[in-house]
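Numbering (the working numbering), first residue to last: 3 to 300. Glycine included, every Cβ here is placed at the ideal spot set by N, Cα and C. Take a look at the structure below.
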């Protein structure tokens with residue numbers, strides 16, 4: 003940790019950033035409502051602290067040094083984060099609590115978000131903050147209050163509430179289907195098997211669950227999220243193996259079809275987890291109750 007004497011002030015960083023945009027101490031001072039000498043002094047102190055020149059005066063005009071260019075990238079990140087954090091805090095009333103919820107991205111967009119309608123009306127003092135970070139220790143480290151995840155119902159130090167299981171079905175665009183219906187599932191490999199990075203074994207297991215084997219079960223373009231797989235299948239890139247509940251809308255609209263009617267139940271399930279010590283925290287308890295109501299009344 004740097005000594006406080008070695009940390010620049012926000013004012014110094016603002017002065018530096020303003021000067022980089024105007025390449026003028028005078029115009030930067032006008033923007034910041036400071037004197038030209040004050041801005042110049044702030045930048046000089048910053049250069050002394052960094053032990054690098056940030057500007058050069060060439061033919062009576064300011065020019066940034068390579069060190070200045072490098073530092074500007076970091077300074078803008080810092081000032082942007084400070085601004086965002088300030089807006090973030092100002093957006094809440096004094097009685098408002100923030101509830102941080104992490105969720106897999108496609109699950110969050112397709113299943114969770116539609117089930118949050120009405121939350122604000124019932125709990126106006128609890129502001130939801132959703133993110134798709136999925137580090138294993140997010141809950142125990144306090145970065146999230148609750149976390150949705152797919153897997154087994156056991157995480158040290160947490161309470162894990164099972165929500166529901168899933169079944170995987172193959173889906174593709176209607177235009178991807180051949181004129182002649184398939185007679186065995188391995189013919190799907192002719193359409194290109196779209197792979198999901200989080201389920202590398204899925205196609206192999208799907209074929210095996212029907213007593214089939216194919217050397218192509220691991221071949222095909224690989225996508226990081228289910229949403230990418232959905233879009234790839236929808237535009238005709240191939241056939242994707244996806245949880246049925248994530249593509250109900252596309253199946254109902256006819257944008258996707260199931261080319262081979264075999265659904266494979268997954269051995270894992272979707273869970274909602276929260277730290278053991280947070281079980282009686284009102285905002286956590288309220289969210290768990292809300293989710294249970296959504297499961298009971300889909």
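Which same chain residues, not among the five before or five after residue 74, have their C-beta less than 6 Å away from its C-beta? On the chain shown, residue 74 is found 72 positions in, with the first residue counted as 1. Here the set comprises 22.
Spatial neighbours of residue 1 within its chain, please: CB distance less than 8 Å, with the 5 preceding and 5 following residues excluded, ordered by chain position. Because the chain is modelled from 3 through 300, residue 1 falls outside the range shown and cannot be assessed.
Along the chain, where does the alpha helix (DSSP H) that runs through residue 52 open and close? Position 50 of the chain shown holds residue 52. Run containing residue 52: 38-52, per the alpha helix (DSSP H) assignment.
If the criterion is Cβ atoms closer than 8 Å, does the pair residue 222 and residue 196 meet it? Counting from one through the chain shown, the residue named residue 222 turns up at place 220. Counting from one through the chain shown, the residue named residue 196 turns up at place 194. Yes.
Residue 125: first and last residue of the uninterrupted alpha helix (DSSP H) it sits in: Here residue 125 is taken as the residue at index 123 of the chain shown, counted from 1. Counted as a single uninterrupted DSSP element, the stretch harbouring residue 125 is not any alpha helix (DSSP H), since DSSP gives it neither H nor E.
Within the continuous beta strand (DSSP E) that includes residue 162, where are the two ends? For the purposes of this step, residue 162 is taken as residue 160 along the chain shown, with counting starting at 1. Per DSSP, residue 162 is one residue of the beta strand (DSSP E) stretching across 160-166.
Tell me the DSSP bridge mates of residue 104? As a position in the chain shown, residue 104 is number 102, starting the count at 1. Beta-bridge partners assigned by DSSP to residue 104: 133 and 149.
Specify the secondary structure class of residue 305 as computed by DSSP and reduced to three states. Residue numbering for the chain in the displayed model covers 3 to 300; residue 305 lies beyond these limits and cannot be assessed.
Own chain residues within Cβ distance below 6 Å of residue 157, not counting five before or after: Position 155 of the chain shown, counted from the first residue, corresponds to residue 157. 275, listed in sequence order.
Under the three-state DSSP convention, the category residue 217 falls into: Translated into the one-based positions of the chain shown, residue 217 becomes position 215. Of the three classes helix, strand and coil, the one that applies to residue 217 here is coil, per DSSP.
Thinking C-alpha only, which one of 165, 225 and 212 is nearest residue 299? If you number the chain shown from 1, residue 299 lands on position 297. Per the Cα distances, 165.
At which residues does the alpha helix (DSSP H) containing residue 30 begin and terminate? Translated into the one-based positions of the chain shown, residue 30 becomes position 28. Per DSSP, residue 30 is one residue of the alpha helix (DSSP H) stretching across 27-34.
Looking only at its chain, what residues have a beta carbon closer than 6 Å to the beta carbon of residue 251, apart from the 5 residues adjacent to it on each side? Along the chain shown, read from residue 1 onward, the residue named residue 251 stands at position 249. Within the same chain, no Cβ atom closer than 6 Å to the Cβ of residue 251 is found once the five residues on either side in sequence are excluded.
DSSP three-state call for residue 75: helix, strand or coil? Residue numbering aside, residue 75 sits at position 73 when the chain shown is read from its first letter. Residue state, collapsed to three classes: helix.
Can you look up residue 283 in the DSSP assignment and give me helix, strand or coil? Reading the chain shown from its first residue, position 281 is the one you call residue 283. DSSP places residue 283 in coil when its eight states are reduced to three.
Between the CA atoms of residue 208 and residue 171 - distance to the nearest angstrom: Working through the chain shown from its first residue, we reach residue 171 at position 169. Working through the chain shown from its first residue, we reach residue 208 at position 206. Separation of residue 171 and residue 208 (C-alpha to C-alpha, rounded to the nearest whole angstrom) is 9 Å.
Helix, strand or coil for residue 184, going by three-state DSSP, please let me know. One-based indexing of the chain shown puts residue 184 at position 182. Coil.
Cα-Cα, which of 236, 60 and 194 is closest to residue 220? Walking along the chain shown from the start, residue 220 turns up at place 218. Among 236, 60 and 194, the Cα nearest to that of residue 220 belongs to 194.
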